[in-house]
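To convert, note that position 20 of the sequence shown is 1384 in the numbering used here; the numbers rise steadily by one, no gaps.
Where a beta carbon is used, it is the ideal one built from N, C-alpha and C, also for glycine.
Everything on this sheet refers to the single structure shown next.
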Amino acid sequence: MGSHQREFDRVSLLENTRETAEAEYAKNPLDADLEEALVINPTKHDTLWSLGNAHISQGLLIPDPNESKVYFSKASQYFQQAVDRDPCNELYQKSLEVAPKLLNCMQTSITMVALLCSSQLELLLLLVLRSD
1365 MGSHQREFDR
1375 VSLLENTRET
1385 AEAEYAKNPL
1395 DADLEEALVI
1405 NPTKHDTLWS
1415 LGNAHISQGL
1425 LIPDPNESKV
1435 YFSKASQYFQ
1445 QAVDRDPCNE
1455 LYQKSLEVAP
1465 KLLNCMQTSI
1475 TMVALLCSSQ
1485 LELLLLLVLR
1495 SD
């Protein structure tokens, strides 16, 4: 089989997979399972890296540090698997390195916002009490 045929088959498979996923998502958008992508090829390093990114994105959307930590942990696991499959890929290595730092930054930011809100609330209470 020639390289053009293999490329055509690969693109056809990807398009078919995309269309199937789109149809399933249209039926029930709340039932998305990221790990289903690994059914096709569980050792594909770029899929593992993409799943890591998806978990990072999900973790960033969740303000509860304990809940978001689960997503960051999964992301780190996927990044590690991607690095294991393609150790020379600098992007995978950097993603693995940055994931825990990003969680720490997010948790610090949440703490700072909470402190800022608390300080503003105290100031507002003082202003209200003085106006009485």
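Identify which residue in the options has its Cα closest to the Cα of residue i.
i, options, result
"N1430", "S1421, Q1471 and D1448", "Q1471"
"K1438", "G1366, R1494 and G1416", "G1416"
"N1468", "G1423, E1379, S1495 and L1479", "G1423"
"S1473", "Q1484, A1387 and D1428", "D1428"
"L1460", "V1492, I1420 and S1495", "I1420"
"L1466", "Y1435, V1492, S1482 and S1367", "Y1435"
"E1399", "E1388, K1391 and A1418", "A1418"
Can residue i and residue j be called in contact, C-beta distance under 9 angstroms?
i, j, result
"W1413", "F1443", "yes"
"P1464", "S1432", "no"
"L1402", "T1411", "yes"
(message) So, does the segment 1450-1459 touch the segment 1397-1407, judging by three or more C-beta pairs under 8 angstroms?
(response) no
(request) May I have a chain-ordered list of the alpha helix (DSSP H) segments no shorter than 4 residues that lie completely inside the segment 1393-1474? (result) Listed in chain order, they are 1401-1404, 1409-1424 and 1429-1449.
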